[in-house]
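**Student:**
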Amino acid sequence: MSLEKLIIDCKKNNAKAQGELYKIYSSKLFSLCLKYSRNKAEAEDNLHDAFVTIFNKIGQYNGQGSFEGWMKRITINTALQKYRTAGVYDIVNEEALESAEEEIEDEDLPLQFLIQIIQELPDRYRLVFNLYVLDGYSHNEISEMVGISVGGSKSNLARARMILREKIENFRTSEQKQSL
4 MSLEKLIIDC
14 KKNNAKAQGE
24 LYKIYSSKLF
34 SLCLKYSRNK
44 AEAEDNLHDA
54 FVTIFNKIGQ
64 YNGQGSFEGW
74 MKRITINTAL
84 QKYRTAGVYD
94 IVNEEALESA
104 EEEIEDEDLP
114 LQFLIQIIQE
124 LPDRYRLVFN
134 LYVLDGYSHN
144 EISEMVGISV
154 GGSKSNLARA
164 RMILREKIEN
174 FRTSEQKQSL
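Mapping the sequence shown onto our numbering, position 139 (from 1) lands on 142, and the numbers just tick up by one.
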């Protein structure tokens, strides 16, 4: 079945088409949910909620732009909405904005470790970090998406980078001690 036909059938609330759409896109969208969640269970909840929204709003998709991109945007917004209502976007001290732009060399770091330390970030830092670094949104776009100032977005990103840098340095130090 073509994607266009699948979308048309989903707009008619065809359960079989909805199941097929879920089967095709759930793993991609689950990976996206993991980036914006504290753990696997929360990611599963976000995925479920995102698909409910996708199926409820599929009639609004007009065929312009990527359907997958449209679904990703809904998925991100679904996760962000939970944090918006919880008020996790406090502005942090901006003292480290300049040093936070330094890149972290991660060639020798295990992927699972990187995923873990990103998921361990406080919500406001993790979400801004993911939106900016992993998904390529600008601070202006993040500001609009989550309802914080551009300075708040920059500040939260700087703090996330500082925390990640510290965890990576601690990891490298412990690795060096173990190799001695």
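C-beta: ideal position from N, C-alpha, C; glycine also.
Whose C-alpha, out of Arg76, Leu167, Ser152, Met4, is nearest the C-alpha of Lys60?
**Tutor:** Position 57 of the sequence shown, counted from the start, is the residue given in the question as residue 60. It is Arg76 whose Cα lies nearest to the Cα of Lys60.
**Student:** On the criterion of 16 or more Cβ atoms from any shown chain inside 10 Å, does Glu172 qualify as buried, or is it exposed?
**Tutor:** Taking the first residue of the sequence shown as 1, we reach residue 172 at position 169. Classification of Glu172: exposed, given that the 10 Å Cβ count is below 16.
**Student:** Using the C-alpha atoms, what's the distance from Met148 back to Gln211?
**Tutor:** The structure shown does not extend to residue 211, since the chain is modelled only from 4 to 183, so the question has no answer here.
**Student:** Rounded to whole angstroms, what is the Cα-Cα separation between Asn143 and Leu130?
**Tutor:** Taking the sequence shown and counting its residues from 1, one reaches residue 143 at position 140. Taking the sequence shown and counting its residues from 1, one reaches residue 130 at position 127. Rounded to whole angstroms, Asn143 to Leu130 spans 15 Å at the Cα level.
**Student:** Rank Val153, Gly68, Asn49 by C-alpha distance to the C-alpha of Tyr86 and give the top, closest one.
**Tutor:** As a position in the sequence shown, residue 86 is number 83, starting the count at 1. Of Val153, Gly68, Asn49, the residue nearest in Cα terms is Asn49.
**Student:** Please return the same chain residues whose Cβ sits closer than 7 Å to the Cβ of Gln21, not counting the five positions on each side in sequence.
**Tutor:** Residue 21 sits at position 18 when you count from the first residue of the sequence shown. Within the same chain, Gln21 has close Cβ partners Cys13, Phe58.
**Student:** Using the rule of at least 16 other Cβ atoms within 10 Å of the residue's Cβ for burial, across every protein chain shown, is Met4 buried or exposed?
**Tutor:** Numbered from its first residue, the sequence shown carries residue 4 at position 1. Met4 is exposed by the Cβ-count criterion.
**Student:** Please give me, in chain order, every unbroken run of the alpha helix (DSSP H) with length at least 4 that falls completely inside the region 139 to 172.
**Tutor:** 142 to 149
**Student:** Which residues mark the beginning and the end of the alpha helix (DSSP H) in which Tyr25 is found?
**Tutor:** The residue labelled residue 25 in the question sits at position 22 within the sequence shown. Tyr25 -> alpha helix (DSSP H) spans 18 to 38.
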